[in-house]
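Novice: First the structure, then my questions, so here it is.
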Amino acid sequence: MQRFTIPRDVYFGVNALDHLKDVKGTKAILVIGSERLITDGTVPEIQNLLKGAKIETSVFSGVENDPSVSTVKKGVEMMNSFQPDLIIGIGGGSPIDAAKAMWIFYEYPNFTFEEAAKPFNLPELRQKAKFIAIPTTSGTGSEVTSFSVITDNKTGIKYPIADYNVTPDVAIVDTALVQSMTPKLVANTGMDALTHAFEAYVSTARNPITDALAMKSIEMTVENLVNSFNGEKEARENMHISQCLAGMAFSNAILGIVHSMAHKTGKVFNIAHGCANAIYLPYVIEFNAKTAGDAYADIAKRLGLNGNTTDELVKSLIKLVKNFRVVMNMPQTLKEFGLSEDLFQKHLDEISKTSVADPCTGTNPREISVEEMKKLFEATYYGTEVNF
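Written as structure tokens, this is what we have:
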């Protein structure tokens, strides 16, 4: 038996925020990253809508990239004092992930991060509050996923939380919220979304429902990403929907080693998650093609790419990904990104081991050893062919 889980309701399109006027509750805590969302009017608009629903609000700000255990604990302290019956994560993946973790420990104060990191081990949530997610970037899909990743900055330990319990009750995907994204952010988040859809489509846990969502997301991303990068309003609207579809797909089909590699190198190499995905993706397609060539070829055929054989279609797909990087001024390799060879070699053994151990490796379509992962990382640094 298989399972497919997404939020009970997804409100999307222009003015989707208006749903907040009809939300039921008495107190809502808004969890955000920087105060930019306050100064640009996003948070005040949300507060006004909630005020119309007679809901009192409080704001927790300061969630950093790769949200930390200490930030989550501060948020829980504020929740314990304010006693919200609604938790609303607003922003990119980090604030929404942090809000999900705060939700767990607000409802279960004696629970631990070690227990939370055990897959599908959470107690039943919604005892005190329900959860609404409002993304303001087009890439992470966190508003529809059952995942959260929290880092203990003191120990360096990452706690990956995977449980259908933390799937938001409501996702509000308002396309007006992403019009001010910078081109660089559009590129990074867009390539993250494309990677989500690609990895879901070839995952060992894929199913017909996730395939449908992943493929539609791929089609929409291929059609709209560059125009979104160039600032076209409709393309940005379409990308916001596309990344949500990819989130639904990978939340249920899980991911693969592109994300394993990005997870283990983001902090070590100070590289943005979406940029890392963009660098690793074509090399991983080359590696996975030995066992997942037909699935990649199917994507290429559905996109109308050139090729008569599986090998030709896979090469066309790789070329497409590389062309996106060129058009959006993204680095082609870790070396081009600016990573020194000394730093790369210093961490190579470590990142190879930890990437293989990452949970996403378990659903990659081709098994990989530590030695093969090391070779794969070397290919992404030097820009060499993956022929092993």
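In the numbering used here, each residue's number is its place in the sequence shown (first place is 1) plus 871.
Even for Gly, the Cβ is constructed at its ideal location relative to N, Cα and C.
Keep in mind the model is a prediction, meaning the values are calculated, not measured.
1. Output the residue ranges of the alpha helix (DSSP H) runs that lie fully inside the region 970-1024 and measure 4 residues or longer, sorted by chain position.
2. The alpha helix (DSSP H) that contains residue 1261, what's its start and end?
3. Residue 1297 and residue 1163: beta carbons closer than 9 Å?
4. Rounded to whole angstroms, what's the CA-CA distance from residue 1136 to residue 922? Just pull it up for me.
5. Might you give, ordered along the chain, the residues of its own chain that have their beta carbon closer than 6 Å to the beta carbon of residue 1232, omitting 5 neighbours on each side?
6. Once you ignore the five residues that flank residue 1206 on each side, which residues in its own chain have a CB closer than 6 Å to its CB?
7. Going by beta-carbon coordinates alone, are residue 951 and residue 995 separated by less than 9 Å?
8. For the candidate residues 919, 1029, 888, 1070, whose alpha-carbon lies nearest to that of residue 1237?
9. Three-state secondary structure (DSSP) at residue 1260?
10. Run through the DSSP bridge pairs and tell me what residue 923 is partnered with.
11. Report the residue from 1179, 1138, 1185, 1171 whose alpha carbon sits nearest the alpha carbon of residue 1157.
12. Assuming residue 895 is part of the alpha helix (DSSP H), what are its boundary residues?
13. What separation, rounded to the nearest whole angstrom, lies between the Cα atoms of residue 1180 and residue 1239?
14. Have a look at residue 1047 and residue 916 and give me their C-alpha separation to the nearest angstrom.
15. Can you name the residues that DSSP bridges to residue 1029?
16. For the beta strand (DSSP E) containing residue 826, name the first residue and the last one.
17. May I ask you to report which of helix, strand or coil DSSP gives residue 962?
18. Need the endpoints of the alpha helix (DSSP H) that residue 1143 sits in, please.
19. How about the region 947-964 and the region 900-911: do they share at least three Cβ pairs that are nearer than 8 Å?
20. Using alpha carbons as the reference points, say which of 1062, 1120, 891 lies closest to residue 1153.
Specialist: If we stick to the structure as given:
1. Restricting attention to alpha helix (DSSP H) runs no shorter than 4 residues, the region 970-1024 encloses them at 984-987, ordered along the chain.
2. Residue 1261 lies beyond the range of the chain shown here (872 to 1259); nothing can be said about it.
3. The shown model of the chain, from 872 to 1259, leaves out residue 1297, and the question about it has no answer.
4. Within the sequence shown, numbered from 1, the residue matching residue 1136 stands at position 265. Within the sequence shown, numbered from 1, the residue matching residue 922 stands at position 51. Cα to Cα, the separation comes out at about 42 Å.
5. The count along the sequence shown starts at 1 and reaches residue 1232 at position 361. Excluding positions up to five away in sequence, the list reads 1128, 1131.
6. Walking along the sequence shown from the start, residue 1206 turns up at place 335. Hits under 6 Å: 1252.
7. On the sequence shown, residue 951 is found 80 positions in, with the first residue counted as 1. On the sequence shown, residue 995 is found 124 positions in, with the first residue counted as 1. Taking a C-beta distance under 9 Å as the contact criterion, residue 951 and residue 995 do not qualify as a contact pair.
8. By one-based count along the sequence shown, residue 1237 stands at place 366. Residue 1070 is the option with its Cα nearest to residue 1237.
9. In the structure as shown, the chain starts at 872 and stops at 1259, and residue 1260 therefore has no counterpart that could be examined.
10. Counting from 1 along the sequence shown, the entry for residue 923 is found at position 52. Answer is none; residue 923 lacks a bridge partner.
11. The residue you call residue 1157 lines up with position 286 of the sequence shown. With distances taken between Cα atoms, residue 1157 lies closest to 1185.
12. Here residue 895 is taken as the residue at index 24 of the sequence shown, counted from 1. Segment: none, residue 895 is in no alpha helix (DSSP H) and carries neither H nor E.
13. Residue mapping note: residue 1180 aligns to position 309 of the sequence shown, counting from 1. Residue mapping note: residue 1239 aligns to position 368 of the sequence shown, counting from 1. Linking residue 1180 to residue 1239 through their CA atoms gives a straight-line distance of about 25 Å.
14. Taking the first residue of the sequence shown as 1, we reach residue 1047 at position 176. Taking the first residue of the sequence shown as 1, we reach residue 916 at position 45. The straight-line gap from Cα to Cα measures roughly 12 Å.
15. As a working mapping, residue 1029 is identified with position 158 in the sequence shown. Its beta-bridge partners are 1022.
16. Because the chain in this structure spans residues 872 to 1259, residue 826 falls outside the shown range and cannot be described.
17. Taking the sequence shown and counting its residues from 1, one reaches residue 962 at position 91. In this structure, residue 962 counts as strand in the three-state DSSP scheme.
18. Residue 1143 sits at position 272 when you count from the first residue of the sequence shown. Neither: residue 1143 is in no alpha helix (DSSP H) and is coded neither H nor E.
19. Judged by Cβ distances under 8 Å, the region 947-964 makes contact with the region 900-911, as three or more pairs qualify.
20. Looking up residue 1153 in the sequence shown gives position 282. Selected option, being the one with the closest Cα: 1062.
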